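In this note's numbering, the protein residues as written are 3 to 249.
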């Protein structure tokens, strides 16, 4: 075999081996979000493994995915806590932009918050975020005491502000609701976790003052609570934040 023929053979072998390596590599890559699982045809709620690539390399983790409550959407749980745990700093004084982890690799309803890095990676895979109340018991009927919008309209992961009006796709507090309307949100470093102060939210389009208690807090920083609000009906009621997208 002359040199040119040998070179051609070696080139073909190398290209074949490289192609095979690429195929094996792609097969080994797992989903990077719940949305990736939805794109692969998964439609059952539960715990799933994901991995993302960041400054620390490949990071593996377990997440809770919701594919069922809003058909076409895939949601990844990023924070959840029971009312009885409301005074923990992560849930009481730290906005989402603060790295205040609580069981970050063990998603659960009562005591859970991802790291800021985990949430940042998920945000890169997501178009929307939402907050639900006691999803573990109300997964079929989620739209009472609920809020959802896009990251484009309101990047909740970077937000710090005092009752700034933010546009929501849909929001419901104690049965009062609106779509494509502005709502006042509060988040202050080392003081207030993300929340809505219902009675004080009067400068924006959505004003959930009916049946409110004085200085009532909704969706976080629960100092003044209203048992008519699903997230605060009992010590075991939960507040659940999610990042996700539509497919």
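Built from N, CA and C at the ideal position, the CB exists for glycine as well. Just so it is clear, the structure is predicted and the values come from calculations on it, not from any experiment.
- Message: Can you list, in chain order, the residues of its chain with a C-beta nearer than 6 Å to that of residue 291? Leave out the 5 residues immediately preceding and following it.
- Response: As displayed, the chain neither begins before 3 nor continues past 249, which places residue 291 out of reach and without an answer.
- Query: DSSP three-state call for residue 94: helix, strand or coil?
  - Reply: Collapsing the DSSP output to three states places residue 94 in a helix.
- Query: With respect to the alpha helix (DSSP H) encompassing residue 119, which residues constitute its N-terminal and C-terminal limits?
  - Reply: Secondary structure note for residue 119: its alpha helix (DSSP H) is the uninterrupted segment 118 to 127.
- Go ahead and pull the three-state DSSP assignment for residue 176. Looking at residue 176 - three-state DSSP - the assignment turns out to be coil, as it is neither helix nor strand.
- Message: Am I right that residue 151 and residue 170 are in contact with their C-beta atoms under 8 Å? What's the rounded C-beta distance?
- Response: That pair is a contact at about 5 Å.
- Indicate whether residue 200 and residue 174 have their beta-carbon atoms separated by less than 9 Å. No. Outside cutoff.
- Buried or exposed for residue 236, please, with buried defined as at least 16 other CB atoms from any protein chain shown within 10 angstroms of its CB. By the 10 Å Cβ count, residue 236 comes out exposed.
- Message: Check for me: the alpha helix (DSSP H) holding residue 36 runs from which residue to which?
- Response: Counting along the chain, the alpha helix (DSSP H) containing residue 36 begins and ends at 36 to 41.
- Message: Please report the straight-line C-alpha distance between residue 37 and residue 116, rounded to a whole angstrom.
- Response: The alpha-carbon atoms of residue 37 and residue 116 are separated by roughly 17 Å.
- Task: Rounded to whole angstroms, what's the CA-CA distance from residue 147 to residue 134? Just pull it up for me.
- Result: In this model, residue 147 and residue 134 are separated by some 7 Å (Cα to Cα).
- Item | Alpha carbon of residue 52 to alpha carbon of residue 127, nearest angstrom | Roughly 12 Å separates the two Cα atoms.
- Message: By the three-class DSSP mapping on this structure, what secondary structure does residue 153 have?
- Response: Here residue 153 sits in coil by DSSP.
- DSSP bridge partner residues for residue 66 (one or two, in chain order): Note: residue 66 sits in a beta bridge opposite 49.
- Message: Need the endpoints of the beta strand (DSSP E) that residue 242 sits in, please.
- Response: From DSSP, the beta strand (DSSP E) with residue 242 extends over 240 to 248.
- the region 185 to 193 touching the region 93 to 102, judged by at least three CB pairs closer than 8 Å: Yes: the two stretches touch, three or more of their Cβ pairs being nearer than 8 Å.
- Task: Give the secondary structure of residue 222 by DSSP, where H, G and I count as helix, E and B as strand, and everything else as coil.
- Result: The answer is coil: DSSP assigns residue 222 none of H, G, I, E or B.
- Coil, strand or helix - residue 234 by DSSP: Per DSSP, reduced to three states, the secondary structure at residue 234 is helical.
- Three-state secondary structure (DSSP) of residue 204: DSSP, read as helix, strand or coil, puts residue 204 in coil.
- Query: Cα separation between residue 158 and residue 125?
  - Reply: Rounded to whole angstroms, residue 158 to residue 125 spans 10 Å at the Cα level.
- Cβ-based neighbour list, residue 165, same chain, cut-off 6 Å, excluding 5 preceding and 5 following: If we look at residue 165 and ignore the five residues flanking it on each side, its Cβ neighbours are 186, 188.
- Message: So, at 6 Å on beta carbons, what are the nonlocal neighbours of residue 141 in its own chain, with the 5 sequence-adjacent residues on each side left out?
- Response: Around residue 141: 71.
- Could you check which residue in 63, 62, 79, 32 has the C-alpha nearest to that of residue 47? For the residues 63, 62, 79, 32, the minimum Cα distance to residue 47 belongs to 79.
- Task: Kindly list the residues whose CB is nearer than 6 Å to the CB of residue 238, restricted to its own chain and excluding five residues on each side of it in sequence; keep chain order.
- Result: The residues are 84.
- Using alpha carbons as the reference points, say which of 131, 49, 145, 144 lies closest to residue 156. Sorting 131, 49, 145, 144 by C-alpha distance to the C-alpha of residue 156 places 131 at the top.
- Does DSSP put residue 191 in a helix, in a strand, or in coil? Of the three classes helix, strand and coil, the one that applies to residue 191 here is coil, per DSSP.
- Leaving out five residues before and five after residue 243 in sequence, what residues of the same chain have Cβ atoms less than 6 Å from its Cβ? The beta carbon of residue 243 sits closer than 6 Å to those of 80, 81, 133, all from its chain and outside the five residues before and after it, given in chain order.
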